[in-house]
Amino acid sequence: MRDAYLVGAGQSDYGAFPSESYRSLFRTAFEAATDSVPNGLEAADVDEAFVGNLGVGGRQLGLSGPAVTEHVGLDGVPCTRVENACAASGFAVRQAVQAVKSGMADVVLAGGFEIMSDMSSDATKYWLGVSGETEWERLSGTTFSGVYAQMASVHMERYGTTREQLSRVAVKNHANGAKNPHAQLGFECSLEDAQSAPVVADPLNLYHCCPTSDGAACALIVSEDVVDDYTDDPIRVAGVGAGSDTVGLFQRDTYTGVPASQRAAESAYEMADVEPDELDFAEVHDCFAIAELLAYEDLGFCERGEAGDLIESGATELGGELPVNTSGGLKSKGHPIGATGAGQVVETYKQLSGEAGERQVEAPTRGLTHNVGGSGGAAVVHIFEKESGVDA
């Protein structure tokens, strides 16, 4: 199969925007993506589009993909809406890569969007809950914070992970998000702040939980046949992996890992022919602080049970051995469900292009994105590689 390349990516700000619509946010992201392509890319170049969206609020549940692509000048271009909970646009990127590799298309748009701020807290909880297991978790009153709190409790009991280590995830990601002009919660927080926040679902407090967000993000994937038309410094999609699992946490054999993430990572590493220690940075799915710690272990950044020690060591901070969530992650940058996976790719594109500003990792060659749906019912991992920086 042909190689696939990332040639551009952009996003809107994340936050609450009562004066914006889902179409206008998507247009902002699309225009930022096309503007980021070094040699330029026009809407007329796009052969196909995949758009991630959960549909929070029910505003355009049917045909939400074409509803945004026609707004940005892609009327007539085949468009598929992808729904996989919080992993929707991560899977949209995967679909774009598959379309290019298969030869079905040369230039593919992968994006996502969500509006989450224009409803009551009760309505928001309902729409967040639609991605949980309905019969035995959601209808019995379990929330996603409650599900991840169970995971955190077991990890703490089994491995000695502490509340302070959970809080260090928030401190790190807020420090990064404060350097990101697109971040919803773009401010720093102290360890004391992160430890003393109100409890949401014990042991998780407010600083251990990501916000709900409005936003959109887009990435542009092209084939090896046309990549030279768009850039002189290609970023190859070196590895892709995906996995799924039972929707309900109670149905799984483990509470201290996400098997779908493990399967996705194994496939992506094998395809890219790299090991975790060959990565220069990673964007992982930190919907809750414990989710980032589980990702460290699931993605092979450390051994099982050692994630707390890893965050405490400073290795995943900006300037550390493996910076994680330089964008601020879901915790600080924000989590517009349908846009999150594509938004991770935006940060990866900026890092590998040397355009991340104050968040810039020194001379990165290879980065990973990790996007999870629900409490682990689906997961997708991508590895991106700057060809000019790879040893021959």
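Take the sequence shown: its position 270, counting from 1, is numbered 270 in UniProt numbering, and each next residue is one higher. For glycine and all other residues, C-beta sits at the position ideal for the given N, C-alpha and C. Please read all numbers here as calculations on a predicted model, not as lab measurements.
Specify the secondary structure class of I383 as computed by DSSP and reduced to three states. If DSSP states are grouped into helix, strand and coil, I383 belongs with the strands.
Express the C-alpha separation of G73 and V372 in angstroms, rounding to a whole number. 30 Å
According to DSSP, which residues form a beta bridge with N371? Looking at the DSSP assignment, N371 forms a beta bridge with V380.
So, is L220 buried or exposed, given that buried needs 16 or more other C-beta atoms within 10 angstroms? buried
Can you find the residues in the same chain that come closer than 7 Å, C-beta to C-beta, to P66, ignoring five residues on each side of it along the sequence? Once the five neighbours on either side are set aside, the close Cβ partners of P66 are C79.
For my contact list, V82 and F113 are in at a C-beta cut-off of 8 Å; report their separation, rounded to the angstrom. Not really, about 12 Å apart at Cβ, beyond 8 Å.
With contact counted as at least three CB pairs below 8 Å, one residue from each stretch, are the region 199-210 and the region 377-388 in contact? no
Look at the Cβ atom of K331, then the Cβ atom of A85, and state whether they are nearer than 8 Å. no
Looking at K101 and R236, is the spacing between their C-beta atoms short of 8 Å? No, Cβ-Cβ distance for R236 and K101 is not below 8 Å.
Hey, is the region 300-319 in contact with the region 138-145, meaning 3+ C-beta pairs nearer than 8 Å? no
For V107, does the count of other Cβ atoms within 10 angstroms reach 16, so buried, or fall short, so exposed? buried
Tell me Q262's beta-bridge partners as DSSP assigns them. Answer is none; Q262 lacks a bridge partner.
Spatial neighbours of Y159 within its chain, please: CB distance less than 6 Å, with the 5 preceding and 5 following residues excluded, ordered by chain position. G305
Assuming Q360 is part of the beta strand (DSSP E), what are its boundary residues? No beta strand (DSSP E) holds Q360; DSSP gives it neither H nor E.
Bridge partners - E70, DSSP secondary structure assignment: Answer is none; E70 lacks a bridge partner.
Taking contact to mean 3 or more Cβ pairs, one atom from each stretch, closer than 8 Å, check whether the region 238-253 and the region 373-382 are in contact. Judged by Cβ distances under 8 Å, the region 238-253 makes contact with the region 373-382, as three or more pairs qualify.
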